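**Q** Quick note on UniProt numbering: the sequence shown kicks off at 1 and runs consecutively. Glycine included, each C-beta is placed from N, C-alpha and C at the ideal position. This one's a predicted model, so the numbers in the text were calculated from it and none came from an experiment. Just passing along the structure, written as structure tokens.
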Amino acid sequence: MEKFRAVLDLHLKHHSALGYGLVTLLTAGGERIFSAVVFQCPCSAAWNLPYGLVFLLVPALALFLLGYVLSARTWRLITGCGCRACASCGAGLRGSLVCAQVSAAAALAPLTWVAVALLGGAFYECAASGSAVLAQRLCLDRDHSCAAELPLVPCHEAKASDVQDLLKDLKAQSQVLGWILIAAVIIILLIFTCVSRCLSPVSFLQLKFWKIYLEQEQQILKSKATEHATELAKENVKCFFEGSHPKECNTPSIKDWQQISSLYTFNQKDQYYSMLHKYVNRKEKTHSIRSTEGDTVIPVLGFVDSSGINSTPGL
1 MEKFRAVLDL HLKHHSALGY GLVTLLTAGG ERIFSAVVFQ CPCSAAWNLP
51 YGLVFLLVPA LALFLLGYVL SARTWRLITG CGCRACASCG AGLRGSLVCA
101 QVSAAAALAP LTWVAVALLG GAFYECAASG SAVLAQRLCL DRDHSCAAEL
151 PLVPCHEAKA SDVQDLLKDL KAQSQVLGWI LIAAVIIILL IFTCVSRCLS
201 PVSFLQLKFW KIYLEQEQQI LKSKATEHAT ELAKENVKCF FEGSHPKECN
251 TPSIKDWQQI SSLYTFNQKD QYYSMLHKYV NRKEKTHSIR STEGDTVIPV
301 LGFVDSSGIN STPGL
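Okay, here's the thing in structure tokens:
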């Protein structure tokens with residue numbers, strides 16, 4: 001039991017890192033399966049380039065869009081935003097900053113796919129062997145039939161030995177591009193993390209406390225919501241069968257739900273740990289908490305919007 005509790009505590013403390021690690025492993029494993037089982041280069045001058053690019057980029061695009069779908073911040077940004085209400089639902093600089101942060105998080109899986117695919121080399125070899133531009137450079141000072149036989153190289157069907165040797169060059173180019181991509185992503189991620197931490201309006205320990213508060217708030221909110229929903233459902237079912245009028249049950253209004261579901265913004269004057277915290281401490285009951293003078297979007301505080309009653313949106 002103690003071991004199980006230790007594992008559970010580890011998951012709660014590092015669920016984001018574990019989630020990203022799992023996504024990376026699954027993406028890398030999926031790419032290996034695709035390249036070994038599904039991918040079959042046609043070895044055709046007309047089809048090599050589009051076929052290789054489709055396997056290299058289309059799954060990456062699908063993973064990128066899936067990253068948007070699985071992000072809680074995406075649904076906080078767009079849920080309930082009609083054409084007339086778009087100005088209050090994240091349009092402008094605030095919405096752009098949130099979209100940029102969501103895009104950066106969603107890019108993890110597709111970049112992993114592309115990097116692993118380039119390190120494997122199969123997709124790039126097929127695509128590059130069908131490129132007329134690369135053929136001119138690769139076939140320089142080689143057999144006159146090089147350009148015609150280059151599309152056959154991935155299938156090991158090129159008759160000229162020096163042309164078939166180009167497969168090593170293509171694989172080397174692919175792996176170099178893969179390592180450059182990995183290095184670039186790590187450097188950009190490191191720079192972004194350092195800059196966002198340096199610009200953080202709160203200290204390291206307060207951030208730790210903030211995350212603990214959010215975990216507790218969401219657990220209590222889910223428990224209370226379950227209790228309230230169960231009580232409301234029981235009363236409605238009871239009244240339906242008995243033909244009686246229901247007791248008055250105080251449920252938050254649509255406006256109340258919209259306010260605590262809106263995107264979090266930080267204000268130096270009034271430091272609230274969530275939109276719910278900001279809502280219950282508002283000065284006037286009729287006062288909107290969505291936008292106040294001095295509110296800003298802070299990248300390092302993006303985890304506030306990522307928390308929710310459920311970790312993934314129900315579709």
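Can you list, in chain order, the residues of its chain whose CB lies under 6 Å from that of Ser200, leaving out five sequence neighbours each side?
**A** Position 200 of the sequence shown holds residue 200. Around Ser200: Val300.
**Q** Along the chain, where does the alpha helix (DSSP H) that runs through Ala62 open and close?
**A** If you number the sequence shown from 1, residue 62 lands on position 62. 48–69 is the extent of the alpha helix (DSSP H) around Ala62.
**Q** According to the neighbour-count rule (16 or more other Cβ atoms, all chains shown, within 10 Å of its Cβ), is Ile191 buried or exposed?
**A** Your numbering for residue 191 matches position 191 in the sequence shown. Exposed, by the Cβ-count rule.
**Q** Grab me the residues of Ala106's own chain with a C-beta within less than 7 Å of its C-beta, minus the 5 sequence neighbours each way, in chain order.
**A** Here the question's residue 106 lines up with position 106 in the sequence shown. Closer than 7 Å at Cβ, skipping near neighbours: Phe64, Gly67, Tyr68, Ser71.
**Q** Touch check for the segment 27–35 and the segment 130–145: three-plus C-beta pairs under 8 Å?
**A** no
**Q** Quick check: the segment 265–277 against the segment 152–161, are at least 3 beta-carbon pairs closer than 8 Å?
**A** no
**Q** Spell out the partners DSSP gives Thr296 in its beta bridges.
**A** Here residue 296 corresponds to residue number 296 of the sequence shown, with the count starting at 1. Looking at the DSSP assignment, Thr296 forms a beta bridge with Phe266.
**Q** Taking all protein chains shown into account, do 16 or more other C-beta atoms lie within 10 angstroms of the C-beta of Phe209, making it buried, or fewer, making it exposed?
**A** For the purposes of this step, residue 209 is taken as residue 209 along the sequence shown, with counting starting at 1. The residue in question, Phe209, is exposed, as its Cβ has fewer than 16 Cβ neighbours within 10 Å.
**Q** Entirely within the segment 208–281 and at least 4 residues each: give me those alpha helix (DSSP H) ranges in chain order.
**A** 254–261, 275–280
**Q** Would you check if the distance between the CB atom of Pro110 and the CB atom of Ala184 is smaller than 8 Å?
**A** For the purposes of this step, residue 110 is identified with residue 110 of the sequence shown, where counting begins at 1. For the purposes of this step, residue 184 is identified with residue 184 of the sequence shown, where counting begins at 1. Their beta carbons are not under 8 Å apart, which means Pro110 does not touch Ala184 by this criterion.
**Q** In the structure shown, what three-state DSSP assignment does Gly121 receive?
**A** The count along the sequence shown starts at 1 and reaches residue 121 at position 121. Gly121: coil per DSSP, three-state reduction.
**Q** Asp143 by DSSP, collapsed to three states: which one?
**A** The residue you call residue 143 lines up with position 143 of the sequence shown. The answer is coil: DSSP assigns Asp143 none of H, G, I, E or B.
**Q** Are there 16 or more other CB atoms within 10 angstroms of the CB of Leu22, so buried, or fewer, so exposed?
**A** Walking along the sequence shown from the start, residue 22 turns up at place 22. The residue is exposed, with fewer than 16 neighbouring Cβ atoms inside 10 Å.
**Q** Work out the CA separation of Leu49 and Ala28 for me, nearest whole Å.
**A** Here residue 28 refers to the residue found at position 28 of the sequence shown. Here residue 49 refers to the residue found at position 49 of the sequence shown. Their backbone Cα atoms lie some 23 Å apart in a straight line.
**Q** Is the distance from the Cβ of residue 324 to the Cβ of Leu214 below 8 Å?
**A** In this structure the chain extends from 1 to 315, so residue 324 is not present and cannot be described.
**Q** Expressed to the nearest angstrom, what Euclidean distance is found between the alpha-carbon atoms of Ala100 and Leu152?
**A** Counting from 1 along the sequence shown, the entry for residue 100 is found at position 100. Counting from 1 along the sequence shown, the entry for residue 152 is found at position 152. Near 42 Å, if we compare the C-alpha coordinates of Leu152 and Ala100.
**Q** Ends of the alpha helix (DSSP H) at Phe192?
**A** Against the sequence shown, residue 192 aligns to sequence position 192. Phe192: member of the alpha helix (DSSP H) spanning 166–198, first to last residue.
**Q** Within 10 angstroms of the Cβ of Cys43, are there 16 or more other Cβ atoms? Answer buried if so, exposed if not.
**A** Residue numbering aside, residue 43 sits at position 43 when the sequence shown is read from its first letter. Counting Cβ neighbours within 10 Å, Cys43 comes out buried, since at least 16 surround it.
**Q** Going by DSSP, what residue range makes up the alpha helix (DSSP H) through Leu138?
**A** Position 138 of the sequence shown holds residue 138. Leu138 -> alpha helix (DSSP H) spans 132–138.
**Q** Could you tell me the boundaries of the alpha helix (DSSP H) in which Ile289 lies?
**A** Locating residue 289 in the sequence shown gives position 289, where the first residue counts as 1. Ile289 -> no alpha helix (DSSP H), and no H or E assigned at all.
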